[in-house]
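Down below is the structure, laid out as structure tokens.
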Amino acid sequence: MNIFLASILTVALGFSPLQLDPPTWNIDKSHTNVGFTVKHFQVTPVQGEFKDYDVDLKFSPDDLENSSLSVVIDVNSIDTDNERRDGHLKSEDFFNVAEFDNITFESQSIEAVGENQFVAKGQLTMRDVTRDFELPFSLLGLVQSPMDENVTVAAFQSEFQIDRMDYEVGRGDFIADIVVAHEVDVELLVEVNAEL
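Just so we're aligned, residue 82 is where the sequence shown starts under my numbering, counting upward by one.
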């Protein structure tokens, strides 16, 4: 059996309706990025990322009812390539990591909204504010790992915008958007793998 055919069969069988539960996927942090962009002085895009996070993903497009997504982001791992700015973002003016050190998302349902397009509906918590949130994501593809024929690799992408003031990220002089914009663009590029 050639590698291409084996890959197709592995993926097809892995997402077979006969499977009792959606597979649990392991995140590959070396090929994952939790990034964001926010404007400074309303004109300059400043990019950053969170380098430490945990993802619990149980997912099959054939069994969305039993699929789920849980994300925990360590706010202390924020990195905007500027140590002074990172320290300020961790302070009471913004995230206040001394009291609220994690950003979390817990899905309550996952729905298909198009071909390889999905939305996870759940709750997003930042600081001490929890709000209903819809996290859109795309399944970019599935392949058999060339390093291990028993492992299937999947890639996902998510892009969305958050108003930081919905989560009270900004106090005092930083409530206004003249220095730091209210709208934060978030992009998640995630690679996961599982033995199917």
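Think of the CB as a built atom: it goes at the ideal place given N, C-alpha and C, for glycine as much as any other residue. Owing to the predicted nature of the structure, the values given are computational and were not obtained by experimental measurement.
What distance in whole Å lies between the Cβ atoms of residue j and residue i, which are believed to be in contact at a cut-off of 8 Å?
| i | j | result |
| --- | --- | --- |
| Leu-216 | Phe-176 | About 20 Å; that fails the 8 Å criterion. |
| Leu-277 | Asn-114 | About 25 Å; that fails the 8 Å criterion. |
| Val-234 | Asn-274 | 5 Å |
| Ser-148 | Asp-137 | Not quite, the Cβ-Cβ distance comes to about 11 Å (not below 8 Å), so this is no contact. |
| Lys-120 | Pro-126 | 6 Å |
| Lys-171 | Ser-188 | Between Ser-188 and Lys-171 the Cβ distance is about 27 Å, and since that is not below 8 Å, they are no contact. |
Looking at the unbroken beta strand (DSSP E) that takes in residue i, where does it start and where does it end?
| i | result |
| --- | --- |
| Asp-244 | 232-244 |
| His-263 | 261-276 |
| Val-178 | Unbroken run through Val-178: none, as it is neither H nor E. |
| Gln-128 | 125-131 |
| Gly-251 | Element bounds for Gly-251: n/a, residue is neither H nor E. |
| Lys-120 | 114-121 |
| Asn-183 | 183-195 |
| Thr-206 | 198-207 |
| Ile-154 | 149-155 |
| Ser-219 | 210-225 |
By the DSSP assignment, the alpha helix (DSSP H) with residue i in it spans what residues?
| i | result |
| --- | --- |
| Arg-166 | 164-171 |
Could you check if residue i is buried or exposed, using at least 16 other CB atoms within 10 Å of its CB as the buried criterion?
| i | result |
| --- | --- |
| Glu-264 | exposed |
| Met-82 | Confidence at Met-82 is low in this model, with a pLDDT of 42, below 50, so the placement of that residue should be treated as unreliable; the coordinate-derived value is given next. Counting Cβ neighbours within 10 Å, Met-82 comes out exposed, since fewer than 16 surround it. |
| Gly-222 | exposed |
| Met-207 | buried |
| Ser-141 | buried |
| Gly-195 | exposed |
| Arg-252 | exposed |
| Phe-122 | exposed |
| Gly-168 | exposed |
| Ile-89 | Unreliable placement is indicated for Ile-89, whose pLDDT of 42 sits below 50; the coordinate value is still reported in the next sentence. Burial call: exposed. |
| Val-124 | exposed |
| Arg-245 | buried |
| Gln-225 | buried |
Taking 7 Å as the line, does the beta carbon of residue i fall inside it for any heavy atom of the ligand MG?
| i | result |
| --- | --- |
| Ala-201 | The ligand MG is not part of this structure, which contains no ligands at all. |
Quick check: is the beta carbon of residue i nearer than 8 Å to any beta carbon in chain B?
| i | result |
| --- | --- |
| Phe-186 | The chain inventory of the structure shown lacks chain B, comprising one protein chain alone. |
On the three-pair Cβ rule with 8 Å, is the stretch 252-260 touching the stretch 104-111?
-> no
Any contact of the stretch 235-243 with the stretch 160-174, i.e. 3+ C-beta pairs under 8 Å?
-> no
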